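J.: First the structure, then my questions, so here it is.
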Amino acid sequence: MQKKALSVGMVAKRCGVSVATLHFYEDKGLIHSRRNQGNQRRYAPDVLRRVSVIKAAQKVGISLQSIKAALDTLPNQRTPNKEDWQRLSENWHQDLSDRIRYMTRLRDSLSGCIGCGCLSMTNCPIYNPDDVLGSQGDGPVILDQASKE
Ligand code: FES
Numbered sequence: 020m021q022k023k024a025l026s027v028g029m030v031a032k033r034c035g036v037s038v039a040t041l042h043f044y045e046d047k048g049l050i051h052s053r054r055n056q057g058n059q060r061r062y063a064p065d066v067l068r069r070v071s072v073i074k075a076a077q078k079v080g081i082s083l084q085s086i087k088a089a090l091d092t093l094p095n096q097r098t099p100n101k102e103d104w105q106r107l108s109e110n111w112h113q114d115l116s117d118r119i120r121y122m123t124r125l126r127d128s129l130s131g132c133i134g135c136g137c138l139s140m141t142n143c144p145i146y147n148p149d150d151v152l153g154s155q156g157d158g159p160v161i162l163d164q165a166s167k168e
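One gets our numbering by counting positions in the sequence shown from 1 and adding 19 to each.
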């Protein structure tokens, strides 16, 4: 059974994005449409999943470039199946795990010294006396080191 093609308005409404955003995603090659006889864009239903994945990935700070590289592993000529999405998620697994670890560390470190050089927290003299960590790198050295563990 041929699944009903969706108009740009239907996709925008269901995904909670603007039509301009869909045009932008299409210009960037993240999603694809075909034209009907009236030269209007029509999307296959799996575009709803693609747009939702793009939004979710952007929410956690993944770049459009990285999102495109992942979506490019999906077939364009047919609806991606479970195996296709499984392959995509395996590609992203390490990146997402690193981000989760970094965000968890950030959440848990904000009440203490992150090794940024400010020396403004009560435990900075313990963890970063006289900003000794400044010689080990720039930015929040403790946070960056911890998120690599
Ligand atoms: S939080 Fe900035 S040096 Fe400790």
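Glycine included, each C-beta is placed from N, C-alpha and C at the ideal position. Just so it is clear, the structure is predicted and the values come from calculations on it, not from any experiment.
1) Start and end of the alpha helix (DSSP H) containing Tyr97?
2) Could you please go through the chain and list the residues whose beta-carbon is closer than 7 Å to any non-hydrogen atom of the ligand FES?
3) Cβ of Gly134 within 7 Å of Cβ of Asn147?
4) Checking 7 Å against the spacing of the C-beta atoms, do Ala89 and Asn110 come in under that value?
5) Output the boundary residues of the alpha helix (DSSP H) element that contains Gln77.
6) Give the range of the alpha helix (DSSP H) segment to which Lys87 is assigned.
T.: Considering the structure as presented:
1) Within the sequence shown, residue 97 is the residue found at index 78, counting from 1. This sequence places Arg at residue 97; Tyr is not what is there. Per DSSP, Arg97 belongs to no alpha helix (DSSP H) and is neither H nor E.
2) Those residues are Cys132, Ile133, Gly134, Cys135, Gly136, Cys137, Leu138, Ser139, Met140, Cys143, Tyr146, Asn147, Asp150, given in chain order.
3) Position 115 of the sequence shown holds residue 134. Position 128 of the sequence shown holds residue 147. Closer than 7 Å, so yes.
4) In the sequence shown, counting from the first residue as 1, residue 89 sits at position 70. In the sequence shown, counting from the first residue as 1, residue 110 sits at position 91. Yes.
5) Taking the first residue of the sequence shown as 1, we reach residue 77 at position 58. 66-78 is the span of the alpha helix (DSSP H), which, as asked, contains Gln77.
6) As a working note, residue 87 is residue 68 in the sequence shown. Start and end: 83-90.
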